Amino acid sequence: MAELLSLLMPAIGWSLLHFVWQGLLIGWAASLALQLLRNARPQARYAVACVALLLCAALPLAGIVWRVLDAAGAAPAADPAVLMMAGSGALGGAAVAMPVLMEDGWLISWQYMLQRQLPWLVLLWASGAAFMTLRLSLGLMWVRERTLEARQAPNLQWQQRLDRLALRLGLNRPVRLAVAEHLDSPMTAGCWKPVVLVPASLLTGMPAGLLEALLAHELAHIKRHDYLVNLVQSAIEILLFYHPSVWMLSRHIRDEREQIADDLAASTLGEPRRLALALSELDRFQFATPQPALGAQGGNLMSRIKRLVRPDSQPLSWKIAAPLFGLCTACAVLYAHAAPQPPAVPPAPALDAPAVPAVPAVPARMVPVPPPPPLAMLDPPAAAKPQVPAAPEARPAPAPAPAPAPAPAPAPAPAPAARPAPAPAPAPAPAPAPAAVAAPAAPAAPAAAAAPPAPMLSGEPSARAPGRVRMNFGRLTMNDKAKDAYGIKRGDGYTAIYSGRGDMAELSRLEDAVKGDFIWYRDGNQAWLIKDPALLAKASAAWAPADALNLQMKEHNKAMEQHNKAMEALSEKMRAASEQSERAGRGVQHDKIEQVARQQEAVARKMEAVARRMERSRDAGAAGADRETLQREMDALTTQMEPFKQQMKELTAEFAKAHAEMAARKAPMQALSAQMREASKPMRELGQKMGELGREQGRLSREADEAVRAMIQEAVRSGRAEAVPAPKG
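Adding 24 to a residue's 1-based position in the sequence shown gives its number in our numbering.
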């Protein structure tokens with residue numbers, strides 16, 4: 025029960041909140057349709073309003089069911105045992121979809137605030153619905169009291185008149201006429217045994233012809249089952265009491281219902297003016313108490329009288345502008361939401377921010393993995409396409425949190441890059457590792473494809489091979505559309521490379537031509553070379569804090585890999601236990617049990633037929649020989665039933681044994697599930713630490729990049745930079 029409530033609470037809350045805009049759209053569309061049908065028959069407007077009101081009720085109910093089923097289907101994913109049982113046959117080649125940690129900004133977003141307030145919103149809605157239910161219950165009690173207090177009409181002629189009117193309207197069921205003391209107008213009550221209540225004052229004070237017109241109006245309500253429709257309408261009002269569209273549609277339904285009843289009564293009487301006079305006479309009787317039952321006074325009484333006396337066409341009202349404007353606004357918002365995002369325009373070179381490593385929305389329930397292979401290898405003829413893990417084409421904006429480029433699989437062990445050789449081949453891509461089983465709180469790093477271009481990190485030196493470009497770099501950001509680029513050469517490698525099309529080949533050429541360390545910078549079609557040792561030292565110092573954090577990230581990756589191995593071992597045990605349980609379940613002969621049960625049922629039907637024949641022969645006093653024949657037939661069927669009983673007994677015992685074995689295996693699986701939950705706790709802590717380090721590393725990387733670019737610009741202005749040819753393309 026508690027689990028069901030935990031699923032229902034958010035489902036009800038979000039469905040009620042979403043109905044705010046859904047109800048507005050339905051109300052606007054219905055208002056527009058009602059305005060367009062203003063001169064049509066009232067039946068058409070009544071149908072539009074009823075369909076719109078039913079849609080108002082169906083959307084929240086469908087939303088609740090969908091959210092409960094969706095949550096119930098997603099809930100087992102939090103339990104590793106259930107995950108293993110559900111995906112034991114498919115986990116080898118695909119990663120399990122896992123949720124992500126909340127971003128810091130999301131904690132203060134409107135969604136989070138609404139999520140926190142959902143229990144209170146549902147409680148307020150339940151209180152309002154309870155009050156509306158009490159209001160309806162009191163009204164129904166009032167109607168019941170009036171019905172019980174009513175007495176039979178003193179003059180039987182009125183009952184006969186009512187019966188004749190009912191026949192003329194096509195009513196085949198009896199309708200009772202009763203007289204009530206505390207009423208101001210005739211009204212109808214009851215669904216299965218309808219009764220028309222007439223005030224005693226009208227019975228004595230109104231002309232018979234006019235009262236007959238009012239009775240015809242009430243019979244029209246009974247013919248159309250309006251009392252039952254009114255109860256359904258009231259139930260929808262109770263559930264969606266907070267939305268103005270529901271009340272607007274209900275008002276239209278009641279108005280059109282009265283007009284339809286007027287038309288039916290007028291066509292039955294053949295005198296619309298007589299009904300108009302009766303309504304005008306009824307206008308003297310005013311209600312002191314709201315009536316939950318249907319009465320002749322319903323709707324706008326004066327407009328009904330005018331419509332009966334002189335029907336005319338209604339002009340188009342200015343009120344149509346409001347729903348039309350609302351629908352146009354909704355369509356514009358929907359179009360803007362569905363339209364594809366325009367491509368990002370690269371910023372100006374002077375304000376260009378570096379493509380720093382990032383961990384967007386630091387995930388919490390996937391396992392971070394070590395960085396990809398360290399070596400980047402390029403063919404000089406195709407220098408714009410380096411043989412490194414792919415980087416996006418567009419130049420990204422600075423991301424809030426850096427991390428080593430993560431792989432999409434939760435816990436793969438990446439294949440190491442090929443060692444340099446005299447004629448090396450490109451480093452192989454990491455082999456796909458089997459997806460790790462999702463743990464309830466396993467930390468994660470996002471897939472690299474979803475992040476901005478993260479730097480490629482290298483941890484070991486590389487050699488140069490003919491026909492290839494082999495570099496040892498600390499950071500590499502590729503953007504073929506970048507307007508500027510730079511590289512910092514220190515020792516036998518590069519501290520950082522921000523590269524565009526053709527830049528890697530140019531850096532390789534300079535590495536052969538220039539002795540010692542240098543900074544190479546390109547701005548559009550101009551390039552410079554800086555060899556000032558002091559500036560080189562400052563550039564290296566600017567990147568030192570980010571490099572130190574990068575070392576910490578590598579240590580955390582190693583620790584995470586150890587936890588991954590432990591989780592994989594537990595997952596393997598869970599998979600084995602799940603397969604064993606499935607094999608045990610398949611061992612039960614369900615088909616055999618069903619077959620024996622069908623055979624038993626066939627014999628039992630024959631025995632029942634023989635028993636009925638024996639009963640009939642006994643009642644008819646048949647001869648003893650016939651009874652003996654039937655008895656022998658019954659004995660034969662009983663003997664035929666015995667083997668089936670024995671087989672069913674054996675199969676039932678086998679089934680009970682298998683069920684007991686499956687129950688016994690459930691405890692070890694629960695223990696393994698608990699172990700997996702415990703093993704995932706340090707992974708969650710590591711994931712949080714790595715997220716914090718990633719955000720800090722991103723900040724330091726942005727600061728270092730800005731500082732290096734400022735140093736380069738100053739060196740160009742002061743003449744300490746030597747102009748060199750820029751790469752082609």
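The beta carbon of each residue, even a glycine, is placed where N, CA and C say it ideally should be. Bear in mind that the values here come from a model prediction, so they are computed numbers and not experimental data.
- By the Cβ test, the segment 136 to 148 is not in contact with the segment 237 to 250, since fewer than three Cβ pairs between them sit closer than 8 Å.
- Between residue 186 and residue 201 a beta carbon distance of about 5 Å is seen, short of the 8 Å cut, so the two are scored as contacting.
- The C-beta of residue 212 has 16 or more other C-beta atoms within 10 Å across all chains shown, which makes the residue buried.
- Non-local C-beta neighbours of residue 668 in its own chain, meaning closer than 6 Å and more than five positions away in sequence, comprise 620, 623 and 624, ordered along the chain.
- A direct Cα-Cα distance of roughly 21 Å separates residue 696 from residue 682.
- Exclusion of the five residues before and after residue 665 leaves 624, 627, 628 and 631 as the residues of its chain whose Cβ lies within less than 8 Å of its Cβ.
- Boundaries of the beta strand (DSSP E) around residue 545: 542 to 547.
- Counting along the chain, the unbroken beta strand (DSSP E) around residue 553 starts and ends at 550 to 554.
- Secondary structure remark: continuous beta strand (DSSP E) runs of at least 3 residues inside the segment 189 to 224, in chain order: 200 to 204, 211 to 213 and 219 to 223.
- Close CB contacts of residue 174 within its chain, under the 7 Å cut and outside five residues either way in sequence, are with 202, 203, 204 and 221 (chain order).
- Residue environment analysis places residue 581 among the buried positions, since at least 16 neighbouring C-beta atoms fall within 10 angstroms of its C-beta.
- Two segments are said to touch when three or more pairs of C-beta atoms, one from each, lie closer than 8 Å; by this definition the segment 555 to 567 touches the segment 728 to 740.
- Judged by DSSP secondary structure, residue 174 falls outside any alpha helix (DSSP H); it is assigned neither H nor E.
- Contact between residue 590 and residue 698 does not hold, since the beta-carbon distance rounds to 14 Å and is not under 8 Å.
- When secondary structure is reduced to three states using DSSP, residue 507 falls in the coil class, being assigned neither helix nor strand.
- The alpha carbon of residue 263 has as its nearest neighbour, out of 296, 168 and 39, the alpha carbon of 39.
- The continuous alpha helix (DSSP H) containing residue 732 extends over residues 648 to 742.
- Burial state of residue 80 is buried, judged by a 10 Å Cβ sphere holding 16 or more other Cβ atoms.
- DSSP, reduced to helix, strand and coil, places residue 539 outside both helices and strands of the structure shown, so it counts as coil.
- The three-state secondary structure of residue 625, taken from DSSP, is helix.
- The three-state secondary structure of residue 747, taken from DSSP, is strand.
- Counting along the chain, the unbroken alpha helix (DSSP H) around residue 297 starts and ends at 296 to 306.
- By the 16-neighbour rule on beta-carbons within 10 angstroms, residue 719 is buried.
- Counting C-beta pairs with one atom in each stretch, the segment 704 to 723 and the segment 569 to 587 have three or more that are closer than 8 Å, which means they touch.
- In this structure residue 567 is buried. Its beta-carbon is surrounded by 16 or more other beta-carbon atoms within 10 angstroms.
- If you draw a straight line from the Cα of residue 594 to the Cα of residue 700, it comes to about 7 Å.
- At a Cβ-Cβ threshold of 9 Å, residue 189 and residue 261 do not count as neighbours.
- If you draw a straight line from the Cα of residue 83 to the Cα of residue 46, it is about 8 Å long.
- Within a 10 Å sphere around the beta-carbon of residue 249 sit fewer than 16 other beta-carbons, which makes this residue exposed.
- Cβ-Cβ distances below 7 Å link residue 325 to 303 and 307 in the same chain, with the five nearest sequence neighbours on each side left out; the list follows chain order.
- Classified as buried, residue 530 has 16 or more neighbouring CB atoms from the shown chains inside 10 Å of its CB.
- For residue 234, the closest C-alpha among the options 42, 209, 251 and 257 is that of 209.
- A straight line joining the alpha-carbon of residue 150 with that of residue 143 spans about 10 Å.
- Distance from residue 577 to residue 714 at the Cβ level is roughly 6 Å; contact confirmed, criterion being Cβ atoms closer than 8 Å.
- Membership of residue 645 in any alpha helix (DSSP H) is not indicated, and neither H nor E is assigned to it by DSSP.
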